[in-house]
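Chains as they are written, first to last, in our numbering: chain A, -13 to 17; chain B, 3 to 396.
Encoded as structure tokens, the structure appears first; notes follow it.
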Amino acid sequence: PPQRQRPRVLLKAPTLAEMEEMFVSEAVQQP
Amino acid sequence: HPVNIPRKEKDFQGMLEYKKEDEPKLVKNLILDLKPRGVAVNLIPGLPAYILFMCVRHADYLNDDQKVRSLLTSTINGIKKILKKRGDDFETVSFWLSNTCRFLHCLKQYSGEEGFMKHNTTRQNEHCLTNFDLAEYRQVLSDLAIQIYQQLVRVLENILQPMIVSGMLEHETIQGVSGVKPTGLRKRTSSIADEGTYTLDSIIRQLNTFHSIMCQHGMDPELIKQVVKQMFYIIGAVTLNNLLLRKDMCSWSKGMQIRYNVSQLEEWLRDKNLMTSGAKETLEPLIQAAQLLQVKKKTDEDAGAICSMCHALTTAQIVKVLNLYTPVNEFEERVSVSFIRTIQLRMRDRKDSPQLLMDAKHIFPVTFPFSPSSLALETIQIPASLGLGFITRV
């Protein structure tokens, strides 16, 4: 296995439902 | 324009570079506008998933968390959007279920977590993500895959539903068994009426279509097995429920016909190497109901045999079949009230539910066993037909 220099950074993810809400609100904001 | 100098595959690192502002175009061309029946037919199975993952790899390589987040969010929303638009099309749903699972497997295979690296080549291990741990996004993708799976089940259910009663119960392929039709059976006098009738062959043809589409899309064999098990459950449950509601379906000859139909479905499973899918087992209640129509129903010994044979049926279902049983010729007779009483007494200690009809809408929980790919990312080429000229192989 490759040697890793440092631990990877955990990318926090929204849930599927939160993602959809973000998506809907972004679409509304766009003209 | 930059000059395109062909490079050897070993020079590529299995990444795809794209500009942040091209992300909407990437999602549009690769997800929203891609027609599974058109361009996608000639693609290697799972190509959209590999392309998206190779884009993620490049954003990870740049250590650009915003770019990674944005691409993953747009990808997930793009898939949801196309499934909202064409969610009743089996091919579209199967295509995106296969690709979502492949994308999920890639995120695991190249996560750098030892448990997922066992089958990787040295080169594949060099392609693991460097900067970010995407475990939380894997969870979101897994949730999305579950949603898509449930959508796939609803689509195939809508297609199969109108075929089941006609193909499994009404249509008779065994000639000369029934002789006289039992009372209450509508006799078709016009051949025109039969033209729109589904037969067992219609069902088998439909199963073949579903199966070949899923294989074409490179769906994981373990996932195909789960879809097939679910299809068989629907066929079995809808058939049994209709048998339990129709007196004209409860005769010795119908039992014979059902057993023949079930044997054909089993033959299909064998032919497709799907005997270990658990699909056949979902037909057990129907198989036992068909046997119940055919066994002797007179003596105490008969009652004992029925009770030990019909373990997949509830008491309510057994009693209902016996009550509905209708002789079609002079060699058969109705089941006596005392025989039914004997059965009820013998079954008294069984702690089964009072349920008569099966829940035909039940969906078995789905799992997506990890399935790493041997494909080398650095060898993947992007066909011009995808319209992704704005991304560069790195």
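Idealized CB from N, CA, C, for every residue including glycine.
{"query": "Any C-beta of chain A under 8 angstroms from that of Ala51 of chain B", "result": "no"}
{"query": "The segment 94 to 113 of chain B contacting the segment 129 to 136 of chain B, beta-carbon criterion three pairs below 8 angstroms", "result": "yes"}
{"query": "Contained alpha helix (DSSP H) runs [length at least 4] in the segment 240 to 284 of chain B, N- to C-terminal order", "result": "254 to 273, 281 to 284"}
{"query": "Pick from B:Lys353, B:Val330, B:Gly16, B:Gln266 that is closest to Leu295 of chain B, judged by C-alpha positions", "result": "B:Val330"}
{"query": "Cα-Cα separation between Leu36 of chain B and Ile176 of chain B, rounded to whole angstroms", "result": "45 angstroms"}
{"query": "CA nearest to the CA of Arg104 of chain B, picked from B:Phe392, B:Pro374, B:Ile382", "result": "B:Pro374"}
{"query": "Per-residue DSSP class, three states only, for Val(-5) of chain A", "result": "strand"}
{"query": "Between the CA atoms of Asp273 of chain B and Phe372 of chain B - distance to the nearest angstrom", "result": "26 angstroms"}
{"query": "Beta-carbon gap between Leu285 of chain B and Phe234 of chain B smaller than 8 angstroms", "result": "yes"}
{"query": "Close-in-space but distant-in-sequence residues of the same chain around Thr77 of chain B (CB under 6 angstroms, 5 per side omitted)", "result": "Leu54"}
{"query": "CB of Val142 of chain B within 8 angstroms of CB of Leu2 of chain A, strictly", "result": "yes"}
{"query": "Reduced DSSP secondary structure (H/G/I, E/B, other) of Glu115 of chain B", "result": "coil"}
{"query": "Best match in B:His173, B:Ile161, B:Glu174, B:Thr102 for proximity to Ile2 of chain B [C-alpha to C-alpha]", "result": "Not covered by the structure: residue 2 of chain B. The range shown for chain B is 3 to 396."}
{"query": "Supposed close pair Ile365 of chain B, Tyr20 of chain B - CB separation, criterion 8 angstroms", "result": "With 8 angstroms as the limit, Ile365 of chain B and Tyr20 of chain B do not qualify as a contact, their Cβ atoms being about 37 angstroms apart."}
{"query": "Alpha helix (DSSP H) runs wholly inside the segment 25 to 86 of chain B, at least 4 long, in chain order", "result": "25 to 29, 49 to 63"}
{"query": "Residue range of the unbroken alpha helix (DSSP H) whose run includes Leu324 of chain B", "result": "317 to 326"}
{"query": "Chain A residues whose Cβ lies nearer than 7 angstroms to that of Ala137 of chain B", "result": "Leu(-4)"}
{"query": "Limits of the unbroken alpha helix (DSSP H) element including Met216 of chain B", "result": "202 to 218"}
{"query": "Residues near Thr185 of chain B in its chain [Cβ-Cβ closer than 8 angstroms; skip 5 each side]", "result": "Note that Thr185 of chain B scores 49 on pLDDT, short of 50, meaning its location in the model is unreliable and no value can be drawn from it."}
{"query": "Closest by C-alpha distance to Thr123 of chain B, when choosing among B:Glu380, B:Gly389, B:Gly391", "result": "B:Glu380"}
{"query": "Proximity of Gly238 of chain B and Ala292 of chain B at Cβ, strictly below 8 angstroms", "result": "no"}
{"query": "Buried versus exposed, by CB contacts within 10 Å (16 or more), Ile46 of chain B", "result": "exposed"}
{"query": "Cross-chain neighbours of Asp145 of chain B in chain A, by beta carbon under 7 angstroms", "result": "Leu2"}
{"query": "Proximity test, Cβ basis, 8 angstroms: Lys27 of chain B and chain A", "result": "no"}
{"query": "Close Cβ partners of Trp270 of chain B (< 7 angstroms) along its chain, the five nearest in sequence each way excluded", "result": "Ile206, Leu209"}
{"query": "Within 8 angstroms, strictly: CB atoms of Thr199 of chain B and His173 of chain B", "result": "yes"}
{"query": "Limits of the alpha helix (DSSP H) - the one that Thr306 of chain B falls within", "result": "This sequence places Gly at residue 306 of chain B; Thr is not what is there. Note, Gly306 of chain B: alpha helix (DSSP H), 302 to 311."}
{"query": "First and last residue of the uninterrupted alpha helix (DSSP H) at Thr344 of chain B", "result": "339 to 349"}
{"query": "CB contact check: Glu7 of chain A to chain B, cutoff 8 angstroms", "result": "no"}
{"query": "Beta-carbon neighbours of Ile384 of chain B, restricted to chain A and to distances below 7 angstroms", "result": "Residues of chain A passing the Cβ test: none, with the nearest at roughly 26 angstroms."}
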